[in-house]
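2 protein chains.
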Amino acid sequence: MKDMQENANIVANFLKGLANPHRLLILCELATGEKNVSELIDATSMAQTSMSQHLSKLKEENIVVFRREHRTLFYSIDNDAVLKIMDVLYHEFCEKGDDK
Amino acid sequence: MKDMQENANIVANFLKGLANPHRLLILCELATGEKNVSELIDATSMAQTSMSQHLSKLKEENIVVFRREHRTLFYSIDNDAVLKIMDVLYHEFCEKGDDK
DNA sequence: TCTTCAATTTACTATATTATGATATGATAA
DNA sequence: TTATCATATCATAATATAGTAAATTGAAGA
Numbered sequence: 006m007k008d009m010q011e012n013a014n015i016v017a018n019f020l021k022g023l024a025n026p027h028r029l030l031i032l033c034e035l036a037t038g039e040k041n042v043s044e045l046i047d048a049t050s051m052a053q054t055s056m057s058q059h060l061s062k063l064k065e066e067n068i069v070v071f072r073r074e075h076r077t078l079f080y081s082i083d084n085d086a087v088l089k090i091m092d093v094l095y096h097e098f099c100e101k102g103d104d105k
Numbered sequence: 006m007k008d009m010q011e012n013a014n015i016v017a018n019f020l021k022g023l024a025n026p027h028r029l030l031i032l033c034e035l036a037t038g039e040k041n042v043s044e045l046i047d048a049t050s051m052a053q054t055s056m057s058q059h060l061s062k063l064k065e066e067n068i069v070v071f072r073r074e075h076r077t078l079f080y081s082i083d084n085d086a087v088l089k090i091m092d093v094l095y096h097e098f099c100e101k102g103d104d105k
């Protein structure tokens with residue numbers, strides 16, 4: 006096992022990839038299945054450039070992958086840890102205690 | 006349930022609280038049980054000021070709590086989601102595939 | 001080839017985060 | 001009260017992140 010310090014850097018970068026409201030919304034969309042960029046823009050009302058940059062960050066951290074079909078790029082979540090963490094976050098923040 | 010946008014902001018802030026190598030190391034220490042600030046400084050070799058700021062951030066996001074005993078403050082993790090996420094992260098990043 | 005569509009990259013600015021040094025607080029002992 | 005220990009806060013500078021506009025790439029149809 007790598008030493009803690011080194012792991013801490015890797016894990017922190019991974020978490021930074023998730024720690025943005027726009028990227029979380031993107032991941033919520035992708036959690037229900039593969040989507041192309043236009044669909045993601047429609048679903049989140051984000052600017053196209055901004056979407057592209059956030060997708061780029063998600064790719065960089067190996068959180069999502071994409072495949073090209075003609076001119077269209079389809080993105081999907083390719084990370085088991087991400088799905089597990091989203092599950093924890095959903096139960097913690099979206100299901101309970103929403104009435105404060 | 007709150008709308009996604011609002012939840013996304015809250016969750017992103019929570020994740021930002023975790024997304025720093027120093028804070029992850031602090032949480033690794035606290036995962037084994039309550040520790041005071043001096044112990045955390047010794048264990049992580051961080052500067053005192055830096056430690057204090059990171060603990061402050063962790064408190065702000067309700068990730069840790071503390072209790073005072075005389076002059077000494079004891080910190081501990083007070084968040085079930087944090088422990089679950091750390092567990093996922095540990096399995097993903099610290100146990101497997103460490104030999105790349 | 002020329003044009004257009006889908007998406008990315010680049011450049012720039014605004015804002016947020018982090019590290020560091022100096023100072024302050026709160027609790028206790030002398 | 002004064003000194004000291006444990007810790008927090010403040011100020012500042014360096015760095016990272018995010019948003020926006022303009023330019024670029026890659027694929028496909030006219």
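Protein sequences, first through last, are from chains A and B. Under the working numbering, the first residue of the first sequence is numbered 6, with each subsequent residue one higher. Under the working numbering, the first residue of the second sequence is numbered 6, with each subsequent residue one higher. Cβ coordinates follow ideal geometry from the N, Cα and C atoms, glycine included. Here the structure is a predicted model, which is why all the values come from computation and not from measurement.
Is residue i buried or exposed, if buried means 16 or more other CB atoms sit within 10 Å of its CB?
i, result
"Gly38/B", "exposed"
"Arg73/A", "exposed"
"Arg28/A", "buried"
"His59/A", "buried"
"Glu97/A", "buried"
"Glu100/B", "exposed"
Look at the alpha carbon of residue i and the alpha carbon of residue j, and state the distance between them as a whole number of angstroms.
i, j, result
"Glu44/B", "Leu88/B", "20 Å"
"Ile46/A", "Leu78/A", "13 Å"
"Val70/B", "Lys64/A", "35 Å"
"Ile68/A", "Asp83/A", "6 Å"
"Asp104/A", "Met91/B", "Since pLDDT at Asp104/A reaches only 48, below the 50 mark, its modelled position is unreliable, and the value read off the structure follows with that caveat. One C-alpha to the other measures close to 27 Å."
"Met6/B", "Ser50/B", "Summary for Met6/B: the model assigns pLDDT 48, below 50, so the residue's position carries little reliability, and this model does not support an answer."
"Asn41/B", "Ala24/B", "22 Å"
"Ser55/A", "Ala48/A", "14 Å"
"Ala86/A", "Ser81/B", "25 Å"
"Val93/A", "Leu30/A", "15 Å"
"Leu32/B", "Gln53/A", "37 Å"
"Phe19/B", "Asn12/B", "11 Å"
"Gln10/A", "Pro26/B", "7 Å"
"Glu66/B", "Gly22/B", "6 Å"
"Val16/A", "Ser61/A", "18 Å"
"Ser57/A", "Arg76/B", "51 Å"
Starting from residue i, find everything on chain B with Cβ-Cβ shorter than 9 Å and list it in chain order.
i, result
"Ala24/A", "Val16, Ala17, Asn18, Phe19, Leu20, Lys21, Gly22, Leu23, Ala24"
Would you identify the three-state DSSP class for residue i, choosing helix, strand or coil?
i, result
"Asn25/B", "coil"
"Thr37/B", "coil"
"Glu66/B", "coil"
"Met9/B", "helix"
"Ser57/B", "helix"
"Ala52/A", "coil"
"Asp92/A", "helix"
Can you pull the DSSP bridge partners for residue i?
i, result
"Phe98/B", "Phe98/B is not bridged to any residue."
"Asn84/B", "None, per the DSSP bridge assignment."
"Phe79/B", "Asn41/B, Arg72/B"
Applying a beta-carbon distance threshold of less than 7 Å, which residues of chain B neighbour residue i?
i, result
"Asn12/A", "Phe98, Cys99"
"Val69/A", "Residues of chain B passing the Cβ test: none, with the nearest at roughly 16 Å."
"Ile90/A", "Ile90, Val93"
"Met9/A", "Leu30, Cys33"
"Ala36/A", "The premise fails here: Ala36/A is roughly 11 Å from chain B at the closest Cβ pair, so nothing lies under 7 Å."
What residues from chain B crowd round residue i, counting only those whose CB sits closer than 8 Å?
i, result
"Ala52/A", "Those do not exist, as Ala52/A stays about 15 Å from chain B at its closest Cβ, beyond 8 Å."
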